Amino acid sequence: MEWVDFFLQQLITGLSNGMIIALIAIGYTMVYGIIELINFAHGDLFMLGAFLALTLLGMLGLGDWSGASAWAAVVIMLIASAGFCGALNWGIDRLAYKPLRSASKLSLLVSAIGASFILVNLGLFWGGLPMDVFAGGVAAAAPKDFPALVPNTNLLGEESLVQFTPKDVLVWVVTVPLMIGLTWIVTRTRLGKAMRATAQNPVAARLMGIDTDRVIGATFLIGGALGGFASVIYSLYNNTISFQMGYRAGMDAFTAAVLGGIGSMPGAVAGALVIGLVRSMSDAYLETRWTNTIVFGILVLILIFRPSGLLGSRVKEKV
Amino acid sequence: MRLLPTPILAYFAIMAALPLFMGTSGLFYDAFQAIFVFSLVGLGLNVVTGFTGLLNLGMAAFMAIGAYTFAILTSDIYPFQIGFWWGIVATVVIGAVAGFLLGAPTLGLSGDYLAIVTMGFGEITLDVLKNLDAVTKGTQGINPLPRPTFGSWTLELQQERGWYWLLLGFVLLAVLAVRRLERSRSGRAWLSIREDALASQCMGIPPKRTKMIAFSTGSALAALGGALFAALLSSTGEPASYDFQVSILALCIVIVGGMGSVAGTLVGAVVMVGMNSLVLVKLADWAGAAGVGGASNVLASPNNWKYLIFGLALILVVRLKPDGLLPPRLEGGSG
Amino acid sequence: MSLLEVRGITMRFGGLTAVDDVTFNVTEGQIFAVIGPNGAGKTTLFNAITGVYEPTDGTVRFRGSPVRLEPDARLGFRAAVVAIVAGLGAFLAINIQELWTVGIAANYVLNQPFPWEKAVADVLHAARGVPFAWGVLPAILGAGVGAGTVVALWQRSRRTPDLIARAGLARTFQNIRLFTDLSLVENVLVGMDSRMRNGFWTNLLRLPAFSHERAWTEREALDLLQFVGLSERAHEAAGSLPYGHRRRLEIARALASKPAVLLLDEPAAGMNPSEMVELMELIRRVRDRGVTVILIEHHMKLVMGISDRIVVLQYGKLIGQGTPAEIRADRRCIEAYLGTEGEE
Amino acid sequence: MTQNLPMLAAALALAFSASALAQSGTLKIVSSLPRTGSANAQTGTIVNGIRMAIAEVGGKIDGYEIAYEDWDDASPQRGNWDPTVEAQNANKAVTDPAIVGYIGTFNSGAAKIAMPELNKAGLVMISPANTYSGLTKPGMGEANEPAIYRPSGSINYFRVVPTDDLQGPVAAEHVAGSGAKKVFILHDRELYGKGIADVFQKRAKELGLEVAGFEGIDTKASNYKSLCQKVKFSKADAVFFGGTTQSNGGQVAKDLRSVGFTGMLVVPDGCREEAFIQAAGASNLEGNTFVTFGGLPPEQLTGRGAEFCAGYRTMFGTEPEAYAVYGYEAARVLLDAIKRAPTKDRAAILKAVAETKDFDGALGIWSFDSNGDTTNRVFSISSVKDGKFVFERRAGDAPAEGTKAK
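Protein chains in written order, with the working numbering: chain A, 1 to 319; chain B, 320 to 654; chain C, 655 to 998; chain D, 999 to 1404.
Here it is, written out as structure tokens:
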């Protein structure tokens, strides 16, 4: 039954791609939830995370990665990229967004667009570092190969047509606990409560003694860190990074966040899985060149019938 | 208030006179022709985003629709060949219809949901233009396109001044139209939706209808800009000439200029497109003259700094002028 | 017959019942007050009446009609047109490459006259040859989605605030919602929109009807500003008005549509006693213009002073109604409300 | 009012400074290539080639100083070539009388915009990279091509690279020759990639290959796993990808291997650069990947070509990439024409370029034909071994030496 194999294969690919999108989408949705900003720079922040991971690999030395040392390298990269992206996102908020808290939403958006351009340019520079992993930096703009730390062996046996590899496992092993942890932070901790309060009504939250600036900073930190995790997972899964990869990753993630209901974290995950699945099904059964059209067509259709996304609640304005 | 307040009149006076000091060709004309094209797109977006408060991230798609409509209807590779002027008319109409078709099902969506739909529309449009290559010639673009004729006289591509004034004329027409609408029932309805959508609705303003008119008007202007862009190049260029970055440029023009301000949009176009077409183009020359530059590494090439400079400029402008360079109030109040 | 009939209105948000089975009638020419402690559901009731919320249950009838769109021939016509257009569009979208090649590309020779009839015939012939899966199926799908979209959008716009406002129910808001960047006159002109007749093209081309309408609407807007006592500041931005004047502007804006009913949501909130006296005077004058007034208010002095009829809400339930004198005599009402708030 | 005056003044000042002055005794050559964004990797090597050619003549010909300017036809917004900028460049070149040669463009789409403008001005244009056939060859593109690019009626556009209509068949013949029966064709939907995939498909069918699929990819996608799985399940034993490194060729190669596709992968010259191997990962290309390329690779060159390679290494410290030699060749043929031209004006130089015959270039001995195309039709097929392109054999119109030995 070859067609069953083929279908199962698409399911696996689609869900794995979707989970990576989900991690980025949560970063979008968290920031949106709290200051209603479409953080255009988020995708490019994610890109820089991947560059950091590759740089680290270069510094650790490109040996024969296998077994324990490879997994150790993965853990080191995850922690470093998450920390780096979190801190960078926090810094961008301080420098580019915080001074505009009282300005119009669209000025904030332009600031985010500006930040995005700067990050892309930094990615270009970064690719020109004279390191072996960047091929000596002679072709800064070229896509970079990300070493295959995680083996591509088929866990279902080499003779099976369906491929299920440690890469797919890695995606799930990292993303699912992260999402559970995040849900715990948002629903159970003091910080989470403060975040929700600030999201609902920043003025009231401030009156209640919540340091909203700190809460917003923490949100950027956590959202950025998730982008950092995502960048490492993405790099290990796709094995190529480029300074322009932030655009598509960001667009997919943003679409996922909207599809699921912007501001809702389970929504972002649901939206991302839908997009991952639609993409892989369309690639497999229709034509790749129409995939984008189909994704956005489905987005429009869903929004016509559910104007607040899949899991978004219809918040009526308080009058 | 007058229909054309002093800053706008001054803008047109200066712009109309500028070519007299600029020779008959050169970078100046290329830059300002681009500025005028983007002024049209910016004016369109100003109606949608500036007046009505709808975030539209897909203006480039309407430019593309305009450019390709114009090209298909006028190029001599197809049998229609309706000529420059009828092509422009058809473009404006098709642009408005395209705006209507996108807006009709989606304008009920709130703020950022609409933004992502328009952004998606931009992506879809590019893909469709690329994929339907039997009609659109895919990434080849459609060329050549006809020149405008005035009676028996034809404006050739090299006649830079002629194009400059022609485009300026279109901008003037668009400004008149937008100002007239702004200061009429439609304009007040748009502004009221931006100010307070719910109050506006409770005053009996039908939100969808009103938004639709704004959206179609904006799309028609963007399509006009797209058609003139293609006419200037005598080619549509490839579909990717109308990608997301172009929509972003249009958005930056409106916001940097001052949301909802016609004069601001005009200035925003001069600043943003001017930076793009003059400053960044000359950057490598200046750096070369100063002895900087070379190909030794990535940092040494001035071209590699363009994104950074563009991004920094955006952040600085909104930081220093969060309401834009020329917010509506300076225009003499919207009243 | 009553001007406005509210029948069994219920509003639930999740598990919370904000308004519970409220029924009352408002007679033309009355000043009608809705009172009750904070959180009694007064504003929610207003929102349900003016279409901001869709009531969970119950009906509102204005002049005997429910003020909502009913399925009619127009809807059917629109759905049919959209279905046909969307169906054709879907068919074309899938087959345009082939049809274009057959019809246009194959028949056109550079700089030669184009054989239109042959092209049309070729296209029609080719269209007939399109396989079912690529022709009929997309067309049906497109038509279905198109018609579905029309119905879904229509469903959501059956009872919207603009419909209700245009029917003759105007309102103000508890937390004043003016168009702050617009001038006072423009604010009033927005309110007058439903009475304007000039369309987009008239305004764009400045046809003769434009200046005529501009003249009378601006005159009337200034008159209204005069009526509420704000004519001196007519061309200032609404955002520059002091708080007390904003209420008046909001009332002028609401009156601009010549409503039959004016709903005032806590008009006296934040006012000092002298301002309140002026406000009572204004409300009476509004009533004297022939406008029925429904107001939510906390200030008992104001309510008792001007109301013809009062209903009392508590925890979303209607616990009493009658003339001011009757309410003052009603034990439950006093306990629920007057007993605490009346000391103000 | 007070707000917009400074802006206008700034714009004015800029425009004034923009008008260039012609210097007597200086002949200017410009190149218009995308220097911002992802194509920069390849265009950088072209510019190096041009600089090297000029340096070799000592920056002087017959007492005239040869000045070179490296123009960018990309904009930061697009990150790629921008039609507006290319049009600006063309106009700028036309109006500066000191400019006698225009080397460009990189993208065939950009050439379409610049060509008619430069043609009217009679300014010679030599492309180091355009391969779209319709630019020069009647009947290969649209009905009105290439006439629309030659409003003056004469030819001013030349190219030193063989066109797609030659390269596609070479690739198809290679696939057929290897014994493959079923081929899956992918392309990037760009002018170059789609064009070459189209001719590949045509030739492949003529050769009796079964075409399992013909699909345009989304060049910005993060991976092509689903598509590559489709290729694998189609049981194709070869894949042709019409595209470049920029259009994500590396990821396509990588994903083909990662889903377990073991057949042959053939890519055109747009992928013949170190960056492609970098992007794809050397191990994914090892053995069963083949690259077609117009002309011979640097290390196979003898005579002039070998000198070029040696010179490039000394001058820039890196190995010349595939496109470097095209840039070098374009500049050299132009300089050669300037030298031969009796007067150093545009018309004479254009005439001299058109008369180029049996030019002893780094790519061999070749001429421009009546369309402005190079007569050089030698192709080479390389494979990848140990992360390097390795010459396999010659192909194309020239006698295919060593084909039998394979």
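Each residue gets a CB set at the ideal place from its N, CA and C atoms; glycine is no exception. Since the model is a prediction, treat every value here as computed from it, not as a measurement.
Query                                                                                                                                                                            : Result
If you count every other CB in all the chains shown that lies within 10 Å of the CB of residue 647 of chain B, and 16 or more means buried, which is it?                         : buried
What is the residue span of the alpha helix (DSSP H) that residue 298 of chain A lies within?                                                                                    : 291–305
Hey, could you find the ends of the alpha helix (DSSP H) residue 657 of chain B is sitting in?                                                                                   : Chain B is shown from 320 up to 654; residue 657 of chain B falls before or after that span and cannot be answered.
Going along the chain, which residues of the stretch 693–709 of chain C sit with their C-beta nearer than 9 Å to a C-beta in chain B?                                            : 704, 705 and 706
Would you mind reading off the limits of the alpha helix (DSSP H) that contains residue 626 of chain C?                                                                          : The requested residue 626 of chain C does not occur in the structure, where chain C is confined to residues 655 to 998.
Applying the criterion that 16 or more other CB atoms from any shown protein chain within 10 Å of the CB defines a buried residue, is residue 180 of chain A buried or exposed?  : exposed
Taking CB distances under 8 Å as the criterion, tell me whether residue 911 of chain C reaches chain B.                                                                          : yes
Mind listing the chain A neighbours of residue 574 of chain B? Cutoff is C-beta to C-beta under 7 Å, in chain order.                                                             : 106, 107 and 110
Residue 304 of chain A CB to nearest chain C CB: under 8 Å?                                                                                                                      : yes
For residue 144 of chain A, count the other beta carbons within 10 Å of its own beta carbon; 16 or more makes it buried, fewer makes it exposed. Which is it?                    : buried
Which whole runs of the alpha helix (DSSP H) in the stretch 485–545 of chain B are 4 residues long or more, in chain order?                                                      : 504–514 and 516–521
What do you get for residue 859 of chain C, buried or exposed, if any count of 16 or more other CB atoms within 10 angstroms of its CB means buried?                             : exposed
Would you identify the three-state DSSP class for residue 1097 of chain D, choosing helix, strand or coil?                                                                       : strand
Please check the pair residue 836 of chain C and residue 892 of chain C, which I expect to be a contact at CB under 8 Å, by giving their CB distance rounded to whole angstroms. : 6 Å
Can you tell me whether residue 999 of chain C is buried or exposed, with buried defined as 16 or more other CB within 10 angstroms of its CB?                                   : Look at the range of chain C in this structure, 655 to 998, and you will see that residue 999 of chain C is not part of it.
Given a threshold of 16 other Cβ atoms within 10 Å of its Cβ, counted over all protein chains shown, does residue 334 of chain B qualify as buried or as exposed?                : buried
Would you mind reading off the limits of the alpha helix (DSSP H) that contains residue 938 of chain C?                                                                          : 927–942
For residue 658 of chain C, report the span of its beta strand (DSSP E) as first-last.                                                                                           : 658–667
Can you pull the chain F neighbours of residue 142 of chain A, defined as C-beta to C-beta under 7 Å?                                                                            : This model lacks chain F altogether; the protein chains it does include are A, B, C and D.
In angstroms, rounded to a whole number, what distance separates the CA positions of residue 894 of chain C and residue 431 of chain B?                                          : 30 Å
Only counting runs of 3 or more residues, tell me where the beta strand (DSSP E) segments fall wholly within the stretch 1194–1247 of chain D, in order along the chain.         : 1208–1214 and 1236–1240
Go ahead and pull the three-state DSSP assignment for residue 667 of chain B.                                                                                                    : The structure shown does not extend to residue 667 of chain B, since chain B is modelled only from 320 through 654, so no value can be given for it.
Residues in the same chain with beta-carbon distance under 6 Å from residue 705 of chain C, minus the five sequence neighbours each way, listed in chain order, please.          : 813, 814, 815 and 818
Please return the same chain residues whose Cβ sits closer than 8 Å to the Cβ of residue 290 of chain A, not counting the five positions on each side in sequence.               : 282
Consult DSSP for residue 1021 of chain D and reduce its assignment to one of helix, strand or coil.                                                                              : The pLDDT assigned to residue 1021 of chain D is 42, lower than 50, so where the model puts this residue is not dependable; a value taken from the coordinates is nonetheless given after this. Three-state DSSP puts residue 1021 of chain D in coil, outside helix and strand.
Let me see if you follow: with CB-CB separation under 8 Å, is residue 100 of chain A close to chain B or not?                                                                    : yes
Within the continuous alpha helix (DSSP H) that includes residue 107 of chain A, where are the two ends?                                                                         : 105–127
At a Cβ threshold of 8 Å, is residue 1146 of chain D touching chain B?                                                                                                           : yes
Could you work out which residues of chain D lie near residue 2 of chain A, taking near to mean beta carbons separated by less than 8 Å?                                         : 1231
Between residue 424 of chain B and chain C, is the shortest Cβ-Cβ distance under 8 Å, so that the two count as touching?                                                         : yes
From residue 1214 of chain D to residue 1238 of chain D, what does the alpha carbon distance come to, in whole angstroms?                                                        : 12 Å
From the beta carbon of residue 526 of chain B, is the nearest beta carbon of chain C less than 8 Å away?                                                                        : yes
Classify residue 1397 of chain D: buried if its beta carbon has 16 or more other beta carbons within 10 angstroms, exposed otherwise.                                            : In this prediction, residue 1397 of chain D scores a pLDDT of 38, lower than 50, which makes its location untrustworthy; the coordinate-derived value is nonetheless stated afterwards. Flag for residue 1397 of chain D reads exposed.
Within a Cβ cutoff of 6 Å, which residues of the same chain sit near residue 1386 of chain D, ignoring the five residues on either side of it in sequence?                       : none
Does the structure place the stretch 515–535 of chain B close enough to the stretch 564–582 of chain B that three or more beta carbon pairs sit under 8 Å?                       : no
Along the chain, where does the alpha helix (DSSP H) containing residue 339 of chain A start, and where does it finish?                                                          : Chain A is shown only over 1 to 319; residue 339 of chain A falls outside these bounds and no answer can be derived.
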